[in-house]
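Right, one structure below, let's go through it.
Numbering (the numbering used here), first residue to last: 17 to 127.
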C-alpha cells in the first residue's frame, strides 16, 4: 500500500513557511491594509518556494505603519488632562469627609 504523493498546493500570499515535515506553511489572517497585493502573484497558481521567499522578504520591507491621525493627538491631549485632574484630586473626597466628621463631632478611626 503505497501512498500517492499529492502535488504541493500553491502557497497563499499571506502564508509563512514552516519547518515541520507535515506542515509546509501556516496561513495567517492579515488585514488587507497591511498586505501589499501584487496582481501578478494573485493570478498565478504556480508559486514555487523561491518565488514565495522573495515575495515574503519584499512584503516585509514594504510594510509600513498607519499614519498618525489628528484625532489621535486630540485624544492623547484629552487623556493627559484627565490623568492630571485625577491625580490632582486623589484623596479630596476623603479629606472633605474627615473635615465634616470632625465638625459634627464624629470619631473616625484612621489607619
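Note that beta-carbon positions come from the ideal geometry of N, C-alpha and C, so glycine has one too.
* Local conformation of residue 45 per DSSP, three classes -> The count along the chain shown starts at 1 and reaches residue 45 at position 29. Here residue 45 sits in coil by DSSP.
* **Start and end residues, beta strand (DSSP E) containing residue 32** => Numbered from 1 along the chain shown, position 16 holds the residue referred to as residue 32. First-last of the beta strand (DSSP E) with residue 32: 31 to 33.
* Asked: In three-state DSSP terms, what is residue 26?
  -> Position 10 of the chain shown, counted from the start, is the residue given in the question as residue 26. If DSSP states are grouped into helix, strand and coil, residue 26 belongs with coil.
* Asked: Which whole-angstrom value describes the C-beta separation of residue 31 and residue 45, a residue pair presumed to lie in contact below a C-beta threshold of 8 Å?
  -> Within the chain shown, the letter at position 15 stands for residue 31. Within the chain shown, the letter at position 29 stands for residue 45. So it is not a contact: roughly 11 Å between Cβ atoms.
* How would you write the range of the alpha helix (DSSP H) that residue 117 sits in, first residue to last? -> Position 101 of the chain shown holds residue 117. Annotation: the continuous alpha helix (DSSP H) that includes residue 117 extends over 108 to 120.
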